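2 protein chains.
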Amino acid sequence: MTHTEAVPTEAGTAEPEFGLAVGLVRLAGVVQHVFGEISREYDLTSQQTQLLCMLVNGPVPMATLSRLLHLEKSSLTGLVDRVERRGLVRRQRCAQDRRVWRVSLTDEGERLGNDTHRDTIDRLEKLAGDIPANDRDQLTALIARMVRGTG
Amino acid sequence: MTHTEAVPTEAGTAEPEFGLAVGLVRLAGVVQHVFGEISREYDLTSQQTQLLCMLVNGPVPMATLSRLLHLEKSSLTGLVDRVERRGLVRRQRCAQDRRVWRVSLTDEGERLGNDTHRDTIDRLEKLAGDIPANDRDQLTALIARMVRGTG
DNA sequence: TATTGTTATACTCTATAACTATA
DNA sequence: TATAGTTATAGAGTATAACAATA
Numbered sequence: 001m002t003h004t005e006a007v008p009t010e011a012g013t014a015e016p017e018f019g020l021a022v023g024l025v026r027l028a029g030v031v032q033h034v035f036g037e038i039s040r041e042y043d044l045t046s047q048q049t050q051l052l053c054m055l056v057n058g059p060v061p062m063a064t065l066s067r068l069l070h071l072e073k074s075s076l077t078g079l080v081d082r083v084e085r086r087g088l089v090r091r092q093r094c095a096q097d098r099r100v101w102r103v104s105l106t107d108e109g110e111r112l113g114n115d116t117h118r119d120t121i122d123r124l125e126k127l128a129g130d131i132p133a134n135d136r137d138q139l140t141a142l143i144a145r146m147v148r149g150t151g
Numbered sequence: 001m002t003h004t005e006a007v008p009t010e011a012g013t014a015e016p017e018f019g020l021a022v023g024l025v026r027l028a029g030v031v032q033h034v035f036g037e038i039s040r041e042y043d044l045t046s047q048q049t050q051l052l053c054m055l056v057n058g059p060v061p062m063a064t065l066s067r068l069l070h071l072e073k074s075s076l077t078g079l080v081d082r083v084e085r086r087g088l089v090r091r092q093r094c095a096q097d098r099r100v101w102r103v104s105l106t107d108e109g110e111r112l113g114n115d116t117h118r119d120t121i122d123r124l125e126k127l128a129g130d131i132p133a134n135d136r137d138q139l140t141a142l143i144a145r146m147v148r149g150t151g
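Protein sequences, first through last, are from chains A and B. Everything in the first sequence is counted per my numbering, starting at 1 for the first residue and increasing by one. Everything in the second sequence is counted per my numbering, starting at 1 for the first residue and increasing by one.
And the structure:
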């Protein structure tokens, strides 16, 4: 499996292996860092920004958010509490099933969600700034293939 | 810029855009999730596992770890405290500059570091399991190009 | 009984500010 | 004075277990 072996980068240099897995870990770290930095510029945590992003298409029940965010329901309660306290989301009881509470964005939450989303897209696109368009397209396609079916 | 536009996935489906940036965010989430799951199997947090991984090539000063992990020095103190309390690392004072403390792995820390590293590599390689080898090589190269110079 | 969500509790992670020890 | 690291403090994030309300 030649594609998993170490790739010599410079003659005579003892570079550590840079296989796909190591690259993915590095990449994830960079993305996470960008996400955290942008969130901070808006006085949000990464988790709060992520929550806002999940609400841009309309109200979502707590149980659904819990599944999407891989969070225990009690953890989600706290996260929603904090952003609700900041006036970015509100809870609405479902009339059909009164056990269910749907979370939705306030006007300010929507503004923050849009702003952070835009900034994140900009910053991440710049990461691939010097990669030719056709390579970039293939990169996008391969990434799509990897994350397909992972939730 | 055609490579940033929405790609129709199925005829008649109103799919959300899957550009590079969105793909990167999804991918980072998957990697982070894998990392967290594996850490948990070893009763570690993601941060603790990440710390162990940074020590596999020998002792590292606190200040260096602080920079590599993007952590304030006080945050690092706590992180190292907790893994030291579990017997996975130790602190060694530097003789040349007695202000400096180097962190190194214990035998058990090294074992855990190797095990989590192996499992992570395995799980991440599987993400690209059905991608042909030459495509995978190009993917690796493009990722390397993106993260180059980001720390 | 099963499901949805909250509360209580404990721990980890993180930052800021003040501090100690060494250079 | 400057640097390396710790302590004190506060808040965010997370899980487990017990609970209340509703289906």
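Cβ coordinates follow ideal geometry from the N, Cα and C atoms, glycine included. Note that the structure is a prediction, hence the values are computed from the model and not measured.
Does DSSP put residue 44/A in a helix, in a strand, or in coil? coil
Tell me, please, whether the segment 37–54 of chain A touches the segment 117–133 of chain A by the rule of three or more beta-carbon pairs shorter than 8 Å. yes
Cβ pair residue 62/B, residue 77/B closer than 9 Å: In contact: residue 62/B and residue 77/B (Cβ atoms closer than 9 Å).
May I ask you to list, following chain order, the residues of the segment 61–72 of chain B that have a beta carbon less than 8 Å from some beta carbon of chain A? 70
In DSSP terms, what residue 89/B is bridged to: 105/B
Please report how far the alpha carbon of residue 93/A lies from the alpha carbon of residue 139/B, in whole angstroms. 46 Å
Would residue 111/A and residue 101/A be called neighbours here (beta carbons separated by less than 9 Å)? no
Residues bridged to residue 61/B by DSSP? 102/B
Could you list which residues in chain A have their beta carbon closer than 9 Å to that of residue 38/B, in chain order? In chain order: nothing, as chain A lies at least about 11 Å away.
How many Å lie between residue 39/B and residue 95/A at the Cα? 41 Å
Using the C-alpha atoms, what's the distance from residue 137/B back to residue 9/B? Because residue 9/B sits at a pLDDT of 44, beneath the cut-off of 50, its placement in the model cannot be relied upon, and the following sentence gives the value as read from the coordinates. Rounded to the nearest angstrom, the two C-alpha atoms are 25 Å apart.
For chain B, find out if any of its Cβ atoms is closer than 9 Å to the Cβ of residue 147/A; answer yes or no. yes
Figure out for me which residue from 143/B, 130/B and 134/B has the closest Cα to the Cα of residue 154/A. Limits of chain A in this structure are 1 at one end and 151 at the other, which puts residue 154/A out of reach.
Along the segment 21–36 of chain B, where does the CB come closer than 7 Å to a CB of chain A? Name the residues. Residues 21, 23, 24, 25, 26, 27, 28, 30, 31, 32 and 33.
Measuring only between beta-carbons, confirm whether residue 124/A sits less than 9 Å from chain B. yes
Evaluate the contact criterion for the segment 25–42 of chain B versus the segment 67–76 of chain B: three or more CB pairs, one atom per stretch, below 8 Å. no
Residue 60/A versus residue 87/B - alpha carbon distance: 44 Å
Cβ-Cβ distance between residue 127/A and residue 128/B below 9 Å: no
Proximity test, Cβ basis, 9 Å: residue 139/A and chain B: yes
So residue 44/B contacts chain A; which residues on that side make the cut at Cβ distance below 9 Å? In chain order: nothing, as chain A lies at least about 15 Å away.
Do the CB positions of residue 83/A and residue 26/B come within less than 9 Å of each other? Here residue 83/A is not near residue 26/B, since their CB atoms are 9 Å or more apart.
Can you name the start and end residues of the alpha helix (DSSP H) that residue 148/A belongs to? Unbroken run through residue 148/A: none, as it is neither H nor E.
9 Å is my cut-off, CB to CB: does residue 79/B come that close to chain A? Interface with chain A (9 Å Cβ-Cβ cutoff): residue 79/B is excluded.
Quick one: using the 10 Å Cβ neighbour count with 16 as the cut-off for buried, is residue 133/A buried or exposed? exposed
If distances are taken between C-alpha atoms only, which option among 58/B, 44/B and 43/B comes closest to residue 104/B? Closest by C-alpha distance to residue 104/B, out of 58/B, 44/B and 43/B, is 58/B.
Take residue 68/B and list the residues in its own chain whose beta-carbon comes closer than 7 Å to its own, dropping the five residues that flank it on each side. 54
Would you mind giving the Cβ-Cβ distance between residue 24/B and residue 124/A, rounded to the nearest angstrom? I have them listed as a contact below 8 Å. 5 Å
Under 7 Å between beta-carbons, which chain B residues line up against residue 135/A? List them in chain order, please. 142
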